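Residue numbers for the sequence shown follow UniProt numbering, so the first one is 1 and each next one is one higher.
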Amino acid sequence: WEEFDPLCATRFTGSREASSTSNQNENARVQQSKDNDSSLFVSALEPSESIPSFRLAINDKGNGLAPCKPPRAQRSGRNESSVSTGRHQIDFDEIQLQEKPSEVDREIASLLHRSPQHCDPISRRFISPVVDYLITSFKVTSVKVIVEKDYSWPTILSADDRMTFTCETTSTIQYILANVLNTFLDPSQISMLQDRLPVDEYGLKIYGLDEFLLSSSQLGENPFVGQALAFGKDIRLEVGKIASDNRSKKIYQLDIPTVDGSPRRSSQPSLKKSDPVVRTVTNVREILDALKNSLRSCSDTHFGNNALKNKERVSQSVKLLCTVLGRIITTDLSTALRLFLAAETAVQLSNAVTELLTVVHNFLGIYCKSVRCGFDVLPLKTFSNSEREQRDILTVDEQLLVHVDSVHNIPREWSQEFSLFSVAVHVMHGTAEICRGFKENPRPIISDHFFPYCRTNTWACFRIPFCVLPRETRIFILLYGTSLSDDHVHPPNVPTETQTLLEKQLACASFPLFDHEGSVNIMFPWLPFNCFIIRCNALTCLFSLLRQGSLLLPLSAINGKVVHPWGPRPLFEMEDDLVVLVTLPQLHYDVIFPCVNYGENSLKRDFNSLDSDTQQNLLDIVESGVTHSLTEDEKEALWEKRHYLTHIPDALPLVLASAVGWDWASLTNIYQLLDDWMPLSSVQAIELLLPHFPDLTIRSKAISWLKNASSDFLFNFLPELVEALRFETFEDSSLAVYLLTLCAGDRRFAFELYWQLQQRIDQCQERSYSNRCSLLQQQILRLLDDEFGIDIENQHRLLQALNVASCEMKEAGDASKMQLTLQRHLALLDARILENNVRLPLLPSFLCTGISVSECSYFNSLTKPIKVTFKGLKSSFAILYKIGDDMRQDALVLQLVKVMNDIWLSQELDLRMVIFRCISFGNKSGTKSYFKGMVELVPDCRTLCEIQSAVGATGVFKDDLLKKWLEMHNPSEFQYKIALENFHLSCAGWCVATYVLGIGDRHNDNILVTRTGHVFHIDFGKYMGDWQTAVGFRRDRTPFIFTSDMAYVINEGSPQSATSRYQQFVDNCCKAFNLLRKKYSLLVNLMKMMSCSGIAGMNLEAVNFVQSNLLLNLTDTQATVQFTRMIEESLKSKFPRLNFLAHTLVQMR
């Protein structure tokens, strides 16, 4: 797992001391030329301790000698020796621009080609989730069902439009629908259809929601059925026409004014405006023409009276070009301009003009490769007269060379804090280093011509040939800032023995070594932009092309200790982007990574043919192994016997983690394993989407296995699938295609995915990942119909209106004015919603037709959240809208608890858990006041504080108050018995859940009880062992909250803890705990996927915390004994009630 910290981030406390005179490292060398000086010096990079090095056949051992200086990369295919004499003169008009899709546009075109071209008719509906087990089979086999006609029926609803019946939970929805239609349809209508029931035209849906039940599913496979039974409610359904519009009138945009009267949002609210460095081809052509004219004038006048003025015009034109293209001047351009200004003879001027034009041409090429601009520069005629040769990577023995020329746009605060800067270059595959990195000595910032920059001039020569590099190889650049640790002043490049340097990691970025589907670029370079999709259709995924030449790579500031060497290649977008100029070898031929053929010869072996000791050893490794912590001996054993393990799905991630190489020659054997292996379950397939497995084919195979999961599982794991997008190399990944496919088939997925992406667009600090989310969001809006776009727009406007109401309410002052202000705003919103119905972001299948203003209020807490009750056609839905809290933690904890509950239900353990919906919003500013969230309000419930404080503060010490409260709300014996069962089951579930997740700050206002006896928790700001403290004392001192008044209810008023009901409570707790231990990989993989999300507290320590709490080193019996002790410890402790008392006293002030 520490592979998530691949580059020593956890080893530093923010800065480290390094001697300015460091020794050579045998595995890591830097070659550096000081400006034009050929002297070399070597600096060492500390070896990465957090991950194992990638094992390759060729390993650079070093011999203590600095390698020879590598030759400079050739520019535009020309020979450097032609600079002095015999040079071909470049015509001014040879530099031409043409419209051409950028690399990102090519990826998007491929994504569009691979994704659904249109939506299924079913996509206009919300499809209710389905699980892959009968959720009610272990409790009941038949249920009471009530079905009513919905608004699509022409008749007025009456008593005859409702039917009640009992059916088996194994009955299919189509069977139930046929019986309903046989009752509701007039016999004459059926006879007109030749006695055929129109089951394809109608559907059953959940009462009050536009959420249709899947006709092929069984009634007991629908989770809402289990929820209804858990709350003691009837199973209520509606029947209506599938093709009918959900609304009786045309949909319009919700007319909601903004707070400051600013223009309303566009129909695509998440789309970003073009950034300053993204220029049109017309803009660049105008500046380029001005430069050409200046150079032509200078050449015509030679050395006349206006020579100096003309040279100054050329200098200003070059400066304008550099300013427009990102305020960057390359070293070559600076040198060429200096040569031009110093030219004194006609020959020197001619050569200088040719050199300047060539360098400008190269600079434009670098810009076009680094920016999503939609155009490129044509090759110079001198170097485009022959077709480039293509070579398979297997035949390329050249070693990998990376040149980091310079760092530009260094923030002013960094330049003031640090006097020197340096870069480290690493070669990565997923989370592992292929070989040791290179790091250079620090260099100062210089001001050369126009803009300050740091000339690093690092030549990182890795002694590893291209032929053994994986296709998903990435070049990772890490920027360091260095400051002097003493008060002595020394020349920056003359270190002394006493001088030490303080070094700090500042920023990083990475890019893939191979382009996206390079075959498209090579085979049809003449095709225009609008023919690109046709190109993709013919050549998708044939091979990848080795990246060559230079590019500008934006760096992202490092927040915290962990760096992320994965994801999309960042694009140069903003003028103040911190960028490095990186150059890869410009070869005279193209290098392709060809497709891999496999699947012809199965290599499976019989596991039972192994001796018993070997079998047991392999089973032990598989049972206890984790992909990131395998020993070398375990990896060797797994890889050697891999063909004997194909019948064990759990072993595949471990075997893949043990692979000896991922180069082209190794992939045939690896991919053959995928064909031979027993299919993985959806839970097991999730692990292959972690960044440990960057291979495109592996990830695509994981998606194919994931497609077999239930819709309920996929919907619950949608946040993790969105997070997994950050680990994909290209925009057209199989994961992105699958997410769009889900949206095309079910509107519920489309809304949820849109808002999951919006959350990351608003809150993610990694711009490349945020841009990826924005691009995918645009594809959803493109894929679905106009009605979806208007619904999304109205949801944005609804949030704006709630923002206005909440903010102005807080500014009102006293309580009465606050309530009046809130009701005034909500009354206005109610009128607007009545005209144009809105779907709630929290539950889009609920069509909001208005607001029950009289039921709306606010909570008198720090953030003053507002309660809003929305009206639907047949039901209502209450939410809590809060501004000022980052609710991503709450949403994540609730998701984890729901996963736990799904584990329990799948194993026939129903703990009557109340799990409410929660969604977070926000923006990138990071300002706390801009975080927003919407939470579903559970009806008919009270906090323990409200129940206990009804008789005063001392009520927290009375055991019988909770029991009396339940008796009051459940007067009949039957109701009370159900409430007792709900209480003891839900109490057991939340005891286990809060212990495993380390939920803190558990006072009596964060624990609630419904009138039907369900216990549940809220407010999860403290979790994963982040315990609440007060005046330096820890307030959470028990494993979980289980007090004597709760035990009193479970024991039905008996003070003894040895009753059968209490023992049943203990048994349920221990059974639930052991089930989580058995399925721990589901929880752990979910948390691993979210560890890079930026959610506070969700990191490596959190995963280790949960694994430790699950007591994975114990047997089930030992774990049962241990958890029973924790129940007794919690019950006997006095601290929870003292904490309750302190909180109650504060609330009663």
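Virtual Cβ for every residue (Gly too), placed ideally from N, Cα, C. As the structure is a prediction and not an experimental result, all values here were calculated from the model.
Burial state of VAL347 (16 or more Cβ within 10 Å)
exposed
- Query: In terms of residue numbering, what span does the alpha helix (DSSP H) encompassing ILE648 cover?
  - Reply: Segment: none, ILE648 is in no alpha helix (DSSP H) and carries neither H nor E.
Worksheet entry | Closest by C-alpha distance to THR741, when choosing among VAL1049, HIS118 and ASP93 | HIS118
HIS588 by DSSP, collapsed to three states: which one? In the three-state scheme derived from DSSP, where H, G and I count as helix and E and B as strand, HIS588 is classed as coil.
If the criterion is Cβ atoms closer than 8 angstroms, does the pair ALA557 and LEU502 meet it? ALA557 places its beta carbon 8 angstroms or farther from that of LEU502.
Margin query: Classify LYS381: buried if its beta carbon has 16 or more other beta carbons within 10 angstroms, exposed otherwise.
Written below: The Cβ neighbour count for LYS381, taken over all protein chains shown within 10 Å, is under 16; the residue is labelled exposed.
Quick one, are the C-beta atoms of VAL427 and ILE477 less than 8 angstroms apart? no
(request) Tell whether a beta-carbon distance below 8 angstroms holds between GLY481 and TRP414. (result) yes
Check: CYS454 bridges to which residues according to DSSP?
Finding: VAL407 and ILE445
Span of the alpha helix (DSSP H) holding GLY1097? No alpha helix (DSSP H) contains GLY1097, which DSSP labels as neither H nor E.
message: Whole angstroms are fine: how far does the CA of TYR738 sit from the CA of ARG114?
response: Near 9 angstroms, if we compare the C-alpha coordinates of TYR738 and ARG114.
- Message: By the three-class DSSP mapping on this structure, what secondary structure does THR1144 have?
- Response: helix
Looking only at its chain, what residues have a beta carbon closer than 6 angstroms to the beta carbon of PHE1016, apart from the 5 residues adjacent to it on each side?
VAL914 and LEU1008
Q) By Cβ distance, which residues of its chain are closer than 7 angstroms to GLY1021, with the 5 residues on each side in sequence left out? A) GLN889 and ASP1001
**Report entry** Same chain only: Cβ atoms within 8 angstroms of THR668, ignoring 5 sequence neighbours per side
**Finding:** VAL596, ASN597 and TYR598
Quiz prompt | Candidates LEU1083, PRO129, VAL938 and LEU555, of which the one nearest TRP904 by Cα | solution = LEU1083
**Prompt:** Does the stretch 353 to 360 come close enough to the stretch 545 to 563 to have 3 or more Cβ pairs within less than 8 angstroms?
**Reply:** no
Can you name the residues that DSSP bridges to ALA432?
HIS429
Checklist entry - With a Cβ-Cβ cutoff of 8 angstroms, do LEU829 and ALA812 count as a contact? => result no
On the criterion of 16 or more Cβ atoms from any shown chain inside 10 Å, does ALA815 qualify as buried, or is it exposed? exposed
query = Are VAL359 and ASP397 touching if we call contact CB-CB under 8 angstroms?
reply = no
Exercise. Could you tell me if the beta carbon of VAL147 falls within a distance shorter than 7 angstroms of some heavy atom in the ligand PLP?
Key: Looking for the ligand PLP in the displayed structure turns up nothing, as the structure carries no ligands at all.
Per-residue DSSP class, three states only, for ASP376 = strand
Point to revise | Where ILE90 sits in the DSSP three-state scheme | key: coil
Note to self: Which residue wins for smallest C-alpha separation from PHE1042, given the options LYS641, ASN1074 and MET1126?
What the structure shows: Checked all of LYS641, ASN1074 and MET1126; the closest Cα to PHE1042 is MET1126.
Fill in: Cutoff 6 angstroms; reference ARG338; Cβ partners in own chain excluding five residues on either side
none
### Query
For LYS504, does the three-state DSSP call read helix, strand or coil?
strand
- Does DSSP put TRP664 in a helix, in a strand, or in coil? Here TRP664 sits in helix by DSSP.
- Query: Can you tell me whether ASP960 is buried or exposed, with buried defined as 16 or more other CB within 10 angstroms of its CB?
  - Reply: By the neighbour-count criterion, in which a residue is buried when 16 or more other Cβ atoms sit within 10 angstroms of its Cβ, ASP960 is exposed.
Practice task
Would you kindly work out how many angstroms separate the C-alpha atoms of SER986 and VAL956, rounded to a whole number?
Solution key: 21 angstroms
First and last residue of the uninterrupted beta strand (DSSP E) at ILE366 = Counting along the chain, ILE366 falls outside any beta strand (DSSP E), though it belongs to the alpha helix (DSSP H) covering 346 to 370.
Give me the Cα-Cα distance between ASP543 and ASP785, rounded to the nearest whole angstrom.
-> The sequence shown places Phe at residue 543, rather than the Asp named in the question. Whole-angstrom Cα-Cα distance: 35 angstroms.
Nearest to LYS939 by CA position, among PRO444, GLN684 and PHE231, is which residue? Checking the sequence shown, residue 939 turns out to be Pro, not Lys. PRO939 has its Cα closest to that of PHE231, out of PRO444, GLN684 and PHE231.
Margin query: Only counting the same chain, and skipping five residues up and downstream in sequence, which positions put a Cβ closer than 6 angstroms to that of PHE749?
Written below: Closer than 6 angstroms at the Cβ level, and outside the excluded window around PHE749, lie LEU742 and CYS743.
query = Which partner residues of MET934 appear in the DSSP bridge assignment?
reply = TYR881 and ILE919
### Message
Helix, strand or coil, according to DSSP, for HIS796 in the structure here?
### Response
helix
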